[in-house]
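First comes the structure, then the notes that go with it.
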Amino acid sequence: MNPASLGAFEPGNQTILCKASRIRLQSPINLWTFQAKKPKKWSSLVGLAPLSSSQMNTQLTGHSLVSGISIQETDSVFQAINPANDQALDPAYKQLSSDSVDAVALQAKKAFSSYRNCSGAEKAAFLRQIADNIEAVVEDLVERMPSETALPEPRVRGEAGRTMGQLRLFASLVEEGSWADARIETAQPDRQPLPKPDVRSLLSPLGPVVVFCASNFPLAFSVAGGDTAAALAAGCPVIVKAHHSHPGTAEIVGQAIMKAVESCQMPVGTFSLIYGSGREIGTALVQHPAVKAVGFTGSRTGGTALMKVAAERPEPIPVYAEMSSINPVVILPGALQAKGPQLAAGLHGSVTLGLGQFCTNPGLVFLPAGDSANSFAEILKGALTETAQGHSLNDGIAESYRKTLQEIAALNQDGVTVHHDASNTGGDQKCQVGTALAQVTTEAFLSNPALHQEAFGPSTILVTYQNPEELVRALSTLEGQLTGTVHGLENELGGATEIISALQERVGRILFGGFPTGVEVCHSMVHGGPFPSTSDGRSTSVGSMAIQRFVRAVCFQSAPDGMLPDELKNSNPLAISRLVNGTRSTDPIS
Ligand code: NAP
64 MNPASLGAFE
74 PGNQTILCKA
84 SRIRLQSPIN
94 LWTFQAKKPK
104 KWSSLVGLAP
114 LSSSQMNTQL
124 TGHSLVSGIS
134 IQETDSVFQA
144 INPANDQALD
154 PAYKQLSSDS
164 VDAVALQAKK
174 AFSSYRNCSG
184 AEKAAFLRQI
194 ADNIEAVVED
204 LVERMPSETA
214 LPEPRVRGEA
224 GRTMGQLRLF
234 ASLVEEGSWA
244 DARIETAQPD
254 RQPLPKPDVR
264 SLLSPLGPVV
274 VFCASNFPLA
284 FSVAGGDTAA
294 ALAAGCPVIV
304 KAHHSHPGTA
314 EIVGQAIMKA
324 VESCQMPVGT
334 FSLIYGSGRE
344 IGTALVQHPA
354 VKAVGFTGSR
364 TGGTALMKVA
374 AERPEPIPVY
384 AEMSSINPVV
394 ILPGALQAKG
404 PQLAAGLHGS
414 VTLGLGQFCT
424 NPGLVFLPAG
434 DSANSFAEIL
444 KGALTETAQG
454 HSLNDGIAES
464 YRKTLQEIAA
474 LNQDGVTVHH
484 DASNTGGDQK
494 CQVGTALAQV
504 TTEAFLSNPA
514 LHQEAFGPST
524 ILVTYQNPEE
534 LVRALSTLEG
544 QLTGTVHGLE
554 NELGGATEII
564 SALQERVGRI
574 LFGGFPTGVE
584 VCHSMVHGGP
594 FPSTSDGRST
604 SVGSMAIQRF
614 VRAVCFQSAP
624 DGMLPDELKN
634 SNPLAISRLV
644 NGTRSTDPIS
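Position 118 of the sequence shown, counting from 1, maps to 181 under my numbering, and the rest follow consecutively.
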């Protein structure tokens with residue numbers, strides 16, 4: 064390791080005011096006009112000499128985006144690999160030196176002391192500015208993201224829209240203000256046998272949050288994704304650890320956020336984007352005492368490793384990791400009989416969407432054994448066989464998908480039938496994969512742990528059941544899942560309460576009809592579930608409830624009115640909905 068002093072973000076003399084707190088901060092930030100202090104180690108400098116020869120407006124730099132402090136990088140570089148042709152993409156990205164993790168985390172901590180005091184209106188303006196800045200670089204994303212991920216242009220546009228929508232949803236939430244869950248119990252000095260004190264509480268931001276980008280959602284679960292939006296809305300600075308698969312996409316969005324930090328006069332350090340290995344830099348960030356929570360989407364191995372790191376800190380912190388889910392779909396006999404072909408077509412669409420690289424991919428389908436199940440399998444097999452091969456997000460994901468399918472193929476014996484397996488295409492490109500379909504009896508399913516694991520690609524397993532009791536037994540053995548789906552005719556759902564209860568115990572979202580791959584971003588969405596679908600089934604990563612990940616309740620007892628946050632003041636200056644002596648109200652307290 065040979066750290067080079069970057070100093071590219073030379074602290075300037077501007078004064079940044081966080082309008083709510085009126086705290087003066089030394090501002091370093093002007094990403095587009097700063098001067099390099101020690102350029103000798105760099106082949107190019109941020110904003111000065113673009114490394115990309117493309118037509119993009121965003122100039123990719125190959126460096127972490129940090130402002131206000133000097134950081135160091137190691138000599139090791141990595142490049143995104145185009146999954147469609149295995150070619151390396153410029154620029155090469157440098158890894159942050161582990162020595163600089165401390166400076167980045169401490170800067171976020173410093174930013175927290177003022178950012179936490181920004182008003183809902185100020186945070187809303189900031190979040191909307193981030194969304195607007197992303198909107199302005201959508202064409203850059205359309206140019207860069209497909210080459211890093213093999214995801215098609217419509218997906219880029221759709222996911223960018225969703226990302227902006229999430230930011231704007233959180234903007235509206237914090238602007239309105241009632242999310243803070245203000246609770247007020249006024250004093251009763253004459254209460255017998257003891258006087259009752261004045262007790263007031265609200266939700267308060269935790270502190271700096273580290274967010275790990277997801278490989279499979281380069282926008283909506285990455286740099287400006289749900290966790291970042293929720294943390295910023297809560298009042299927490301964010302340090303994002305980029306995913307090695309799509310560093311350029313990350314930088315385009317990262318620069319859009321840096322611009323918003325500057326134009327909205329948010330404290331320096333409110334946002335940073337870091338490039339480096341998960342095991343080294345990611346772990347060091349999670350271990351840092353200034354960091355107070357973690358958002359993660361990825362493998363079970365990575366998620367559980369970070370949970371362990373966080374739990375072993377002198378001060379353990381929450382890790383919100385979304386890891387693996389196989390999303391059971393239950394088809395009841397009447398529904399299979401009445402609309403088998405239609406359900407097979409819908410399932411095919413859901414299994415192959417995005418080459419199956421969705422956390423909500425339906426990987427397990429329970430259906431009653433018999434002729435209808437066999438016809439269903441034939442129709443699905445036909446559709447999957449005709450489905451074109453595609454390119455996984457990266458070679459690691461392709462390899463792990465093939466390995467999982469090999470483990471299932473090795474079970475091809477009594478009770479396990481592999482109808483079709485094109486996971487290994489035999490093609491030249493490392494990332495090329497195809498569809499797969501297996502069918503197993505419930506008995507075989509229950510006795511083979513290999514059938515319970517996530518196969519991250521366009522495949523699914525049909526599990527046939529003999530009777531409802533066997534189905535309930537199988538559902539009860541499932542690990543925690545993000546979703547569970549039931550297809551039943553109206554007249555058979557009423558008799559399926561045990562099946563639905565078994566699902567409810569194991570999943571975060573139950574669908575009646577349809578397929579689980581689409582996740583609506585809204586106030587009531589729950590995209591979470593018992594372990595290992597997530598590390599903490601009490602929260603969601605999609606929708607406005609995600610703000611609760613990054614807050615804790617704080618209570619003020621017998622505080623003078625002037626010392627209280629606006630949310631708890633007698634006059635209710637924010638006009639928010641509060642729980643006052645057990646009754647919801649927007650009225651001031653006289
Ligand atoms: P991953 O390997 O877990 O990587 C995700 C992030 O975590 C990366 O930034 C990685 O750093 C970091 N990381 C991984 N292991 C770590 C460790 N032990 N300590 C600290 N940081 C660590 O996930 P992936 O690359 O996105 O995909 C791999 C597999 O995860 C897929 O095949 C799929 O099975 C699963 N996956 C599941 C979901 C879901 O939502 N269910 C979503 C995506 C992926 P580096 O950049 O250094 O690798």
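Built from N, CA and C at the ideal position, the CB exists for glycine as well.
Any non-hydrogen atom of the ligand NAP closer than 6 Å to residue i Cβ
i: CYS585; result: no
i: GLY365; result: yes
i: GLY361; result: yes
i: PHE275; result: yes
i: ILE460; result: yes
i: SER335; result: no
i: ASN487; result: no
i: GLY358; result: no
i: PHE519; result: yes
i: SER177; result: no
i: GLY341; result: yes
i: GLY345; result: yes
i: HIS306; result: yes
i: ASN390; result: no
i: ALA368; result: yes
i: GLU222; result: no
i: CYS422; result: yes
i: ASN279; result: yes
Close beta carbons around residue i, own chain, < 7 Å, minus the five adjacent residues each side
i: THR333; result: ALA174, TYR178, PRO300 and VAL324
i: LEU631; result: ALA245, ILE247, ARG263, LEU265 and PHE619
i: PRO595; result: ARG363, MET386, SER387, GLU542 and GLY543
i: ALA143; result: LEU152, GLU211, SER308, HIS309, PRO310 and GLY311
i: VAL372; result: THR346, VAL349 and GLN350
i: ASP484; result: LEU468, ALA472 and ALA499
i: LEU474; result: ASN511 and ALA513
i: GLY403; result: SER435, SER438 and PHE439
i: VAL582; result: THR423, MET588, HIS590 and VAL605
i: ASP629; result: PRO636 and LEU637
Burial state of residue i, where buried means 16 or more other Cβ atoms lie within 10 Å
i: VAL617; result: exposed
i: THR646; result: exposed
i: ASP434; result: exposed
i: ALA451; result: exposed
i: PHE575; result: exposed
i: GLN192; result: buried
i: GLY131; result: buried
i: ASP203; result: buried
i: MET608; result: buried
i: ARG376; result: exposed
i: PRO651; result: exposed
6 Å Cβ shell around residue i - same chain, five flanking residues per side excluded
i: GLY591; result: GLY571, THR597, GLY600, SER602 and THR603
i: PHE284; result: ALA277 and THR360
i: GLY409; result: PHE578
i: MET329; result: PHE189
i: THR415; result: THR450 and PRO521
i: GLY240; result: GLY183, LEU637 and ILE639
Residue i and residue j closer than 7 Å at C-beta
i: ILE524; j: GLY547; result: no
i: PRO271; j: ALA384; result: no
i: ALA356; j: PRO379; result: no
i: PHE519; j: ILE460; result: yes
i: GLY228; j: VAL589; result: no
i: GLY289; j: VAL605; result: yes
i: SER486; j: LEU468; result: yes
i: PRO521; j: THR505; result: no
i: SER335; j: ILE389; result: no
i: ALA319; j: VAL200; result: yes
i: ALA407; j: LEU552; result: no
i: LYS304; j: PHE275; result: yes
i: THR226; j: LEU282; result: yes
i: VAL237; j: ALA296; result: yes
Spatial neighbours of residue i in its chain, beta-carbon cut-off 8 Å, leaving aside the 5 residues before and after
i: PRO260; result: ALA250, GLN620 and SER621
Using 8 Å as the cut-off, can you tell me whether the region 641 to 652 makes contact with the region 610 to 622, which would need three or more C-beta pairs spanning the two stretches below that distance? no
The region 360 to 368 touching the region 146 to 165, judged by at least three CB pairs closer than 8 Å: no
If contact is defined by three or more beta carbon pairs under 8 Å, each pair taking one atom from either stretch, is the region 552 to 559 in contact with the region 392 to 399? yes
Inter-stretch contact at 8 Å, needing at least 3 Cβ pairs: the region 182 to 192 / the region 233 to 247: yes
Please confirm if the region 145 to 156 is in contact with the region 115 to 131, defined as three or more CB-CB distances below 8 Å between the two stretches. yes
Could you tell me whether the region 455 to 474 touches the region 310 to 322, where touching means 3 or more Cβ pairs closer than 8 Å? no
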